[in-house]
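**Student:** My structure is below; once you've seen it, I'll send some questions.
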């Protein structure tokens with residue numbers, strides 16, 4: 003019995019994409035589009051850059067799938083491409099303050115939360131968005147990959163192309179900076195105990 007493409011694992015899909023299987027590429031696209039869009043939006047903080055960057059990522063996947071050597075997880079390889087495309091898109095922009103995309107952050111609300119509680123959570127999300135936007139893209143990437151993508155330091159190392167100790171150092175500095183910015187909101191205490 004032949005498995006539907008959506009049931010195939012990422013490695014198999016990449017192997018088929020390397021053989022120029024358009025249907026496998028479509029399955030990979032459907033599997034990763036939303037994740038890459040969200041990741042690049044959080045990384046760049048620029049909604050106007052995301053669609054083109056996502057398209058660039060998939061173009062590289064189509065062109066380079068045969069170069070995936072299996073030393074990392076396919077998701078790490080794909081997120082690594084997205085990371086580099088996101089940084090490249092940012093580097094082409096004139097220096098300016100990042101746009102506030104705090105509304106793009108997922109805020110989990112309690113089902114029975116009242117309007118005051120929801121307003122407080124939205125304000126915290128805005129403050130967190132501003133704090134994240136103040137980080138360098140390299141520091142923001144390790145935070146995003148850890149907390150939003152659930153990546154280990156080893157996977158982040160593969161994605162951003164630096165040693166694990168550099169990832170740890172970036173996380174240390176990012177957390178310290180975030181703690182300074184969020185202290186007044188009461189969010190730093192919750193982060194450090196979690």
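In this note's numbering, the protein residues as written are 3 to 196.
We treat Cβ as the ideally placed atom computed from N, Cα and C, and that holds for glycine.
In this text, all values refer to a predicted model and were calculated from it rather than measured experimentally.
Assess, as a yes-or-no matter, whether the stretch 116-127 is touched by the stretch 25-33 under the definition of 3 or more beta carbon pairs within less than 8 Å.
**Tutor:** no
**Student:** Does DSSP put residue 50 in a helix, a strand or coil?
**Tutor:** helix
**Student:** Here's a check: name, in chain order, each residue in its chain whose Cβ is nearer than 7 Å to the Cβ of residue 8, leaving out the five neighbours to either side.
**Tutor:** 29
**Student:** Let me make sure I understand the geometry here. Which of 74, 62 and 39 has the alpha-carbon closest to that of residue 51?
**Tutor:** 39
**Student:** Does residue 157 pass the burial test, meaning 16 or more other C-beta atoms within 10 Å, or should it be called exposed?
**Tutor:** buried
**Student:** If you draw a straight line from the C-alpha of residue 131 to the C-alpha of residue 49, how long is it?
**Tutor:** 14 Å
**Student:** Give the C-beta separation of residue 42 and residue 62 to the nearest angstrom, bearing in mind that I take them to be a contact with Cβ-Cβ under 8 Å.
**Tutor:** The pair is not a contact, with the Cβ atoms about 13 Å apart (cut-off 8 Å).
**Student:** With DSSP run on the structure shown, which of helix, strand or coil describes residue 75?
**Tutor:** coil
**Student:** Ordered along the chain, which non-local residues of its own chain (more than five positions away) have a Cβ less than 7 Å from that of residue 14?
**Tutor:** Within the same chain, and ignoring the five residues on either side of residue 14 in sequence, no residue has its Cβ closer than 7 Å to its Cβ.
**Student:** Measuring straight from C-alpha to C-alpha, what distance separates residue 182 and residue 150?
**Tutor:** 21 Å
**Student:** Helix, strand or coil for residue 29? Go by DSSP, reduced to three states.
**Tutor:** helix
**Student:** Within 10 angstroms of the Cβ of residue 174, are there 16 or more other Cβ atoms? Answer buried if so, exposed if not.
**Tutor:** Using a 10 angstroms sphere on the CB of residue 174, the tally of other CB atoms stays under 16, which defines it as exposed.
**Student:** Straight-line CA distance for residue 172 to residue 96?
**Tutor:** 24 Å
**Student:** For residue 58, which residues of its own chain have a beta-carbon under 6 Å away from its beta-carbon, when the five flanking residues on both sides are left out?
**Tutor:** 87
**Student:** In the structure shown, what three-state DSSP assignment does residue 157 receive?
**Tutor:** helix
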